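Novice: The sequence shown begins at 1 in my numbering and counts up by one.
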Amino acid sequence: MNGAGLLYGSIFALAYLGFKAGQYKLFEKAGIPGWQALIPVYNLLPWTRLIGKPAWWVAVAILPVFGILVIVSMMIDLARAFGKYHLGQHTAALLLPFYFFPRIGFDANVKYLGPPDGHKNAPPKTALREWGDAILFAGVSALVIRTFFIEAFMIPTSSMERTLMAGDFLFVSKFHYGSRMPTVPLSIPFVHNKIGFGDFKLRSYIDAVQLPYYRMPGLTKIRRNDIVVFNYPAHDIHDLNDGAGKVKAVSMKENYIKRCVAMPGDTLEVRNQQVMINGQPSYNPPLMQYEYTVATDGMAFSQSRLNKMGFRTVDNPNPNWGPIRSKANSYFFHMPDSIAQLIGKFSGVKSIETVALPDNSLNGSFFSYRGEFYPQPENDTDSLMRFNLDYYGPIVIPRKGMTVQLTPQNLALYRRPIAVYEGHELRTENGTVYIDGQPATAYTFGMDYYFMMGDNRHNSQDSRFWGFVPENHIVGKPLFVFFSFEKDFGVRFGRIGTKYVH
Numbered sequence: 001m002n003g004a005g006l007l008y009g010s011i012f013a014l015a016y017l018g019f020k021a022g023q024y025k026l027f028e029k030a031g032i033p034g035w036q037a038l039i040p041v042y043n044l045l046p047w048t049r050l051i052g053k054p055a056w057w058v059a060v061a062i063l064p065v066f067g068i069l070v071i072v073s074m075m076i077d078l079a080r081a082f083g084k085y086h087l088g089q090h091t092a093a094l095l096l097p098f099y100f101f102p103r104i105g106f107d108a109n110v111k112y113l114g115p116p117d118g119h120k121n122a123p124p125k126t127a128l129r130e131w132g133d134a135i136l137f138a139g140v141s142a143l144v145i146r147t148f149f150i151e152a153f154m155i156p157t158s159s160m161e162r163t164l165m166a167g168d169f170l171f172v173s174k175f176h177y178g179s180r181m182p183t184v185p186l187s188i189p190f191v192h193n194k195i196g197f198g199d200f201k202l203r204s205y206i207d208a209v210q211l212p213y214y215r216m217p218g219l220t221k222i223r224r225n226d227i228v229v230f231n232y233p234a235h236d237i238h239d240l241n242d243g244a245g246k247v248k249a250v251s252m253k254e255n256y257i258k259r260c261v262a263m264p265g266d267t268l269e270v271r272n273q274q275v276m277i278n279g280q281p282s283y284n285p286p287l288m289q290y291e292y293t294v295a296t297d298g299m300a301f302s303q304s305r306l307n308k309m310g311f312r313t314v315d316n317p318n319p320n321w322g323p324i325r326s327k328a329n330s331y332f333f334h335m336p337d338s339i340a341q342l343i344g345k346f347s348g349v350k351s352i353e354t355v356a357l358p359d360n361s362l363n364g365s366f367f368s369y370r371g372e373f374y375p376q377p378e379n380d381t382d383s384l385m386r387f388n389l390d391y392y393g394p395i396v397i398p399r400k401g402m403t404v405q406l407t408p409q410n411l412a413l414y415r416r417p418i419a420v421y422e423g424h425e426l427r428t429e430n431g432t433v434y435i436d437g438q439p440a441t442a443y444t445f446g447m448d449y450y451f452m453m454g455d456n457r458h459n460s461q462d463s464r465f466w467g468f469v470p471e472n473h474i475v476g477k478p479l480f481v482f483f484s485f486e487k488d489f490g491v492r493f494g495r496i497g498t499k500y501v502h
């Protein structure tokens with residue numbers, strides 16, 4: 001176990017032992033042998049009897065996610081069974097159980113009063129107290145579920161179109177790849193990285209105190225071609241103009257969603273638009289998109305006809321088709337090959353061609369951001385790698401424990417993982433690389449890294465622009481679409497309840 005694991009393990013063990021010590025004494029006060037409180041799962045049965053709940057609650061309490069709701073209710077009822085009725089006491093029972101329950105358990109003046117629903121001398125519940133308990137119950141339950149189990153996300157951009165559409169609302173599992181322990185304790189619950197009203201926005205957290213990264217065991221590991229939610233790695237150097245500013249705390253960086261096309265240790269290359277992994281052609285998603293140029297005889301496209309094919313209006317802020325100003329009667333379309341074949345059959349279409357970039361070119365006729373590909377040289381000692389959207393690499397994705405020789409050719413590629421993600425001081429002087437003040441000709445990585453790309457290959461800000469995704473930036477695995485709406489299409493009922501397309 002690493003240092004972070006030992007720290008969190010120790011904290012959890014102390015908190016658990018504190019709660020169990022208190023529960024042991026409370027069981028004894030209720031006439032139940034205290035040792036029964038110490039047996040995992042089994043202790044739920046006498047607990048339900050103590051608070052007057054049916055035995056079937058035990059079965060629900062051990063279920064993922066739903067069990068959280070039952071346990072929260074049982075904690076509150078355990079406090080009430082010993083005469084603790086106030087909202088502040090219930091808050092302490094839920095947020096500080098390792099302190100609250102030992103305190104009342106070892107207090108000789110605290111007596112067991114029986115199942116709380118049968119208390120005759122309990123203070124009457126005011127409307128305020130009813131609302132307070134309800135909000136506390138819902139808030140704590142939702143916070144635990146959101147932090148460790150499932151969170152809702154909305155797709156804001158078209159980088160994964162048409163696999164995932166802008167305006168899709170997804171449930172994302174945080175426990176599939178292992179839930180991360182919270183690292184920024186001074187933050188507003190249920191808010192990611194900013195709060196605001198209209199144009200007024202400010203950060204929702206203080207990063208002066210940060211806990212070390214630790215990920216709990218998950219159900220599975222990331223697999224090649226999984227669609228993954230992660231924190232935007234370059235948010236510490238790029239302001240997204242959304243009010244959050246530049247964000248250094250990993251868990252507070254903006255959430256992105258892309259496809260993991262390369263795993264730790266893979267050699268990746270994009271060759272004439274085809275992703276190659278370890279020298280072999282990789283999986284091509286069925287709805288993968290590229291940019292096409294469509295030349296016509298002057299006919300105008302019917303927007304209603306295009307809308308049925310998934311194309312937005314021309315004046316949409318996030319267009320996926322439109323006129324090419326520099327070419328008369330010509331249009332650009334972002335679409336999969338299957339849709340391109342249909343467009344090519346339209347009456348009035350003279351030609352349709354995929355926009356393809358030349359090898360080893362940093363200049364092209366489309367995309368104003370040509371030349372902004374990762375890695376960009378940070379100083380004169382870094383070599384410029386002439387990559388573009390259609391020709392990228394080959395590069396080797398860092399793997400935990402993998403050692404690379406540091407050369408002028410690859411230093412730019414690995415400089416950011418070494419210096420930023422793994423926290424080492426790196427500099428070059430007179431051709432020599434220094435790591436933490438010591439000359440270095442090689443480096444052994446401490447984390448796994450992944451290479452992410454959007455399925456909308458010519459309209460996606462992804463690893464080709466900002467590099468590798470470290471393992472501590474991984475958030476979770478999308479499960480299914482629970483709602484879908486976009487202005488140009490309305491509610492997309494056909495997408496609700498469906499899993500994303502592989």
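Heads up, the beta-carbon is just placed ideally off N, CA and C, and yes, glycines get one too.
Computed from a prediction, not measured in an experiment: that's the story for all the values here.
Per DSSP, M335 forms a beta bridge with which residues?
Specialist: Position 335 of the sequence shown holds residue 335. Answer by DSSP bridge pairing, in chain order: Y290.
Novice: Hey, quick one: how far does the beta strand (DSSP E) through Q274 stretch, first residue to last?
Specialist: Numbered from its first residue, the sequence shown carries residue 274 at position 274. Segment 274-277, the beta strand (DSSP E) holding Q274.
Novice: Answer with yes or no whether the minimum CB distance from G467 to chain B is below 7 Å.
Specialist: Annotation note: the requested chain B is absent from the structure, which comprises a single protein chain.
Novice: Counting only the same chain and skipping the five closest in sequence on each side, list residues whose C-beta sits under 7 Å from that of A166.
Specialist: The residue labelled residue 166 in the question sits at position 166 within the sequence shown. If we look at A166 and ignore the five residues flanking it on each side, its Cβ neighbours are I155, P156, T157, S158, N318, E486.
Novice: Just checking, does the region 340-354 make contact with the region 288-300 on the three C-beta pairs under 8 Å criterion?
Specialist: At 8 Å Cβ cutoff, the stretches touch.
Novice: Tell whether a beta-carbon distance below 7 Å holds between A93 and F82.
Specialist: The residue labelled residue 93 in the question sits at position 93 within the sequence shown. The residue labelled residue 82 in the question sits at position 82 within the sequence shown. No, the Cβ-Cβ distance between A93 and F82 is not below 7 Å.
Novice: Report the partner residues of L268 according to the DSSP bridge assignment.
Specialist: On the sequence shown, residue 268 is found 268 positions in, with the first residue counted as 1. BP columns for L268 point to I277, I395.
Novice: If you measure between the beta carbons of L406 and V433, is that distance less than 7 Å?
Specialist: Residue 406 sits at position 406 when you count from the first residue of the sequence shown. Residue 433 sits at position 433 when you count from the first residue of the sequence shown. Cβ atoms of L406 and V433: closer than 7 Å.
Novice: State the Cα-Cα distance for the pair C260 and I227, rounded to the nearest angstrom.
Specialist: Locating residue 260 in the sequence shown gives position 260, counting from the first residue. Locating residue 227 in the sequence shown gives position 227, counting from the first residue. Whole-angstrom Cα-Cα distance: 6 Å.
Novice: Are N472 and Y213 touching if we call contact CB-CB under 7 Å?
Specialist: Here residue 472 is taken as the residue at index 472 of the sequence shown, counted from 1. Here residue 213 is taken as the residue at index 213 of the sequence shown, counted from 1. Contact: yes.
Novice: So Y374 packs on W466, CB below 8 Å; how close in whole Å?
Specialist: The residue you call residue 374 lines up with position 374 of the sequence shown. The residue you call residue 466 lines up with position 466 of the sequence shown. That pair is a contact at about 6 Å.
Novice: Would you mind reading off the limits of the beta strand (DSSP E) that contains F451?
Specialist: In the sequence shown, residue 451 corresponds to position 451, counting from 1. Looking at the DSSP string, the run of the beta strand (DSSP E) that includes F451 is 449-453.
Novice: Spatial neighbours of V491 within its chain, please: C-beta separation below 6 Å, excluding the five flanking residues on both sides.
Specialist: Residue mapping note: residue 491 aligns to position 491 of the sequence shown, counting from 1. Taken in chain order, the residues that qualify are F485.
Novice: Any contact of the region 51-67 with the region 110-117, i.e. 3+ C-beta pairs under 8 Å?
Specialist: With a cut-off of 8 Å, the region 110-117 and the region 51-67 count as touching, because enough Cβ pairs lie within range.
Novice: Which parts of the region 120-205 are runs of the beta strand (DSSP E), unbroken and 3 residues or longer, counting only runs that do not cross its ends?
Specialist: Runs found: 150-154, 168-173, 194-197, 200-203.
Novice: Under 8 Å, with one C-beta from each stretch per pair, do the region 167-176 and the region 193-211 reach the 3-pair mark?
Specialist: No contact exists between the region 167-176 and the region 193-211.
Novice: Just to confirm my understanding: we take F367, look at its own chain, exclude 5 residues before and 5 after, and list those with CB closer than 6 Å. What are they?
Specialist: Taking the first residue of the sequence shown as position 1, residue 367 is located at position 367. The pLDDT assigned to F367 is 43, lower than 50, so where the model puts this residue is not dependable; a value taken from the coordinates is nonetheless given after this. Cβ neighbours of F367 beyond the five flanking positions: none.
Novice: What would DSSP say about F489, mapped onto helix, strand or coil?
Specialist: For the purposes of this step, residue 489 is taken as the residue at position 489 of the sequence shown. Note: F489 maps to coil in three-state DSSP.
Novice: Straight-line CA distance for Q341 to D266?
Specialist: The residue given as residue 341 occupies position 341 in the sequence shown. The residue given as residue 266 occupies position 266 in the sequence shown. Looking at the two C-alpha atoms, the distance is approximately 34 Å.
Novice: Exposed or buried, what is V250 when buried is set at 16 or more other beta-carbons lying within 10 Å of its beta-carbon?
Specialist: As a first step, residue 250 is located in the sequence shown; it is residue number 250 there, counting from the start. That one is buried.
Novice: Quick check on T444: buried or exposed, where buried means 16 or more other Cβ atoms within 10 Å of its Cβ?
Specialist: Indexing the sequence shown from 1 puts residue 444 at position 444. Classification for T444: exposed.
Novice: Given R399, which residues of its chain have a CB within under 7 Å of its CB, disregarding the five upstream and five downstream residues?
Specialist: Against the sequence shown, residue 399 aligns to sequence position 399. Result list for R399: P264, G265, F445, D448, in chain order.
Novice: By the DSSP assignment, the alpha helix (DSSP H) with E28 in it spans what residues?
Specialist: Along the sequence shown, read from residue 1 onward, the residue named residue 28 stands at position 28. From DSSP, the alpha helix (DSSP H) with E28 extends over 3-29.
Novice: Specify the secondary structure class of R495 as computed by DSSP and reduced to three states.
Specialist: Position 495 of the sequence shown, counting from 1, holds the residue named residue 495. R495: helix per DSSP, three-state reduction.
Novice: Using DSSP with H/G/I as helix, E/B as strand and the rest coil, what is F480?
Specialist: Start at 1 with the first residue of the sequence shown, and residue 480 comes out as number 480. Reduced to three states, the DSSP call for F480 is strand.
Novice: Please list the terminal residues of the continuous alpha helix (DSSP H) segment that includes R80.
Specialist: In the sequence shown, residue 80 corresponds to position 80, counting from 1. 66-80 is the span of the alpha helix (DSSP H), which, as asked, contains R80.
Novice: Can you round the beta-carbon distance between Y256 and Q273 to whole angstroms, since I take them to be within the 8 Å contact cut?
Specialist: As a first step, residue 256 must be located in the sequence shown, where it is residue number 256. As a first step, residue 273 must be located in the sequence shown, where it is residue number 273. At roughly 22 Å, the Cβ-Cβ gap does not stay under 8 Å, so Y256 and Q273 are not in contact.
Novice: Just confirm the distance between the C-beta atoms of G196 and G243, as a whole number of angstroms; I'd bet it's less than 8 Å.
Specialist: Along the sequence shown, read from residue 1 onward, the residue named residue 196 stands at position 196. Along the sequence shown, read from residue 1 onward, the residue named residue 243 stands at position 243. Right, their Cβ atoms sit about 5 Å apart.
Novice: Does the distance from the C-beta atom of I352 to that of Y292 stay below 7 Å?
Specialist: Along the sequence shown, read from residue 1 onward, the residue named residue 352 stands at position 352. Along the sequence shown, read from residue 1 onward, the residue named residue 292 stands at position 292. For I352 and Y292, yes; Cβs fall inside 7 Å.
Novice: Less than 8 Å between the CB atoms is what I'm expecting for K25 and F106, so what's the real figure, rounded?
Specialist: Along the sequence shown, read from residue 1 onward, the residue named residue 25 stands at position 25. Along the sequence shown, read from residue 1 onward, the residue named residue 106 stands at position 106. Going by Cβ atoms, the distance from K25 to F106 rounds to 6 Å, so yes, they are a contact pair.
Novice: Assuming T91 is part of the alpha helix (DSSP H), what are its boundary residues?
Specialist: Counting from 1 along the sequence shown, the entry for residue 91 is found at position 91. T91 -> alpha helix (DSSP H) spans 87-95.
Novice: List, from N- to C-terminal side, the alpha helix (DSSP H) runs of 4 residues or more that fit wholly inside the region 299-353.
Specialist: Segments of the alpha helix (DSSP H) lying fully in the region 299-353: 303-308, 337-344.
Novice: Nearest CA to the CA of K253: which residue from V475, F493, P102?
Specialist: Along the sequence shown, read from residue 1 onward, the residue named residue 253 stands at position 253. Comparing Cα-Cα distances from K253 to each of V475, F493, P102, the minimum goes to V475.
Novice: Taking R464 as the reference, which of A442, I395, I418 has the closest Cα?
Specialist: The residue you call residue 464 lines up with position 464 of the sequence shown. Of the candidates A442, I395, I418, the one whose C-alpha sits nearest the C-alpha of R464 is I395.
Novice: Taking all protein chains shown into account, decide if S141 is buried (16 or more other Cβ within 10 angstroms of its Cβ) or exposed.
Specialist: The residue you call residue 141 lines up with position 141 of the sequence shown. So S141 counts as buried.
Novice: So, are the CB atoms of I397 and A262 less than 7 Å apart?
Specialist: Translated into positions along the sequence shown, residue 397 becomes position 397. Translated into positions along the sequence shown, residue 262 becomes position 262. Yes, they are a contact pair.
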